[in-house]
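For reference, the structure discussed in these notes is given below.
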Amino acid sequence: MSRSLLRKKEELLEEIRREVEQCTLCPLAKSRTQTVFGEGNPDALIMFIGEAPGEDEDRSGRPFVGKAGQLLTKILLSVGIQREEVYIANMVKCRPPGNRTPTLEEVEACFPYLEAQIAIVNPSVIVTLGSVSTGYLLGTKEPMSKLRGQWFDWRGGKRIFPMFHPSFLLRHESRAPGSPKYLTWQDIQEVKRVYDLLRESTRRV
Numbered sequence: 015m016s017r018s019l020l021r022k023k024e025e026l027l028e029e030i031r032r033e034v035e036q037c038t039l040c041p042l043a044k045s046r047t048q049t050v051f052g053e054g055n056p057d058a059l060i061m062f063i064g065e066a067p068g069e070d071e072d073r074s075g076r077p078f079v080g081k082a083g084q085l086l087t088k089i090l091l092s093v094g095i096q097r098e099e100v101y102i103a104n105m106v107k108c109r110p111p112g113n114r115t116p117t118l119e120e121v122e123a124c125f126p127y128l129e130a131q132i133a134i135v136n137p138s139v140i141v142t143l144g145s146v147s148t149g150y151l152l153g154t155k156e157p158m159s160k161l162r163g164q165w166f167d168w169r170g171g172k173r174i175f176p177m178f179h180p181s182f183l184l185r186h187e188s189r190a191p192g193s194p195k196y197l198t199w200q201d202i203q204e205v206k207r208v209y210d211l212l213r214e215s216t217r218r219v
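Residue numbers for the sequence shown follow the numbering used here, so the first one is 15 and each next one is one higher.
Here it is, written out as structure tokens:
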């Protein structure tokens, strides 16, 4: 991608970020310290979408920087993916009180911002982390145990690949076969396999 097009993407994302900073569409605006927009490569082939900011994210204004975020970074690095290569965001941009799960109303109020991020970055693959982003984007209430590790088509050519949320992995430390951490290791290897294919096809164009 040319520098001018990359700069345009950065400018568009910055415009949306400024809108998010002023947002009062749902009650979460009243309790936030600051909004947590998203970060990463504006031209990423892969976008990771989590649930909501936690305490560390609310304080820093950056997504996935607490313990769960540090684990996500380690998961990426385990297959040679730098965090800066991908784009990372959440379904909602403000921390729910007490780190509770965001409500459907909160997710729906914030979704246009996420839609704009997806449209601007235009990733080929979206990795949904946890049941909130997976369930909402796929329109399902199926449990993560049934959805993770599978590919789903979404909106005209994009592909969704659900994985367990890193915070879930922190609560399940076992690495035994069949455990969440074991399955996540398999999942991230599949993400890397497809990522390598995407990068190779992009180089050929």
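All C-beta atoms, glycine included, are put in the ideal place defined by N, C-alpha and C.
If you look at V139, you'll find it in the beta strand (DSSP E) that goes 139 to 143. Shown here for I89: same chain residues with a beta carbon closer than 6 Å to its own, the five before and five after excluded, namely I202 in chain order. Beta-bridge analysis with DSSP links I60 to V139. A residue is called buried when at least 16 other Cβ atoms come within 10 angstroms of its Cβ; G52 meets this threshold and is buried. Here L143 really is in contact with M177; their C-beta atoms are around 6 Å apart, less than 8 Å.
In this structure, N136 is the residue among N136, C108, Y101, L212 with its C-alpha nearest to the C-alpha of G170. By the criterion of at least three beta-carbon pairs nearer than 8 Å, the region 57 to 72 is in contact with the region 106 to 117. DSSP lists I140, F166 as the beta-bridge partner residues of I174. The Cβ neighbour count for H186, taken over all protein chains shown within 10 Å, is under 16; the residue is labelled exposed. Residue burial is scored here from C-beta neighbours: L161 has at least 16 other C-beta atoms within 10 angstroms and is therefore classed as buried. For I102, the pairing in a beta bridge is given by DSSP as E53, F62.
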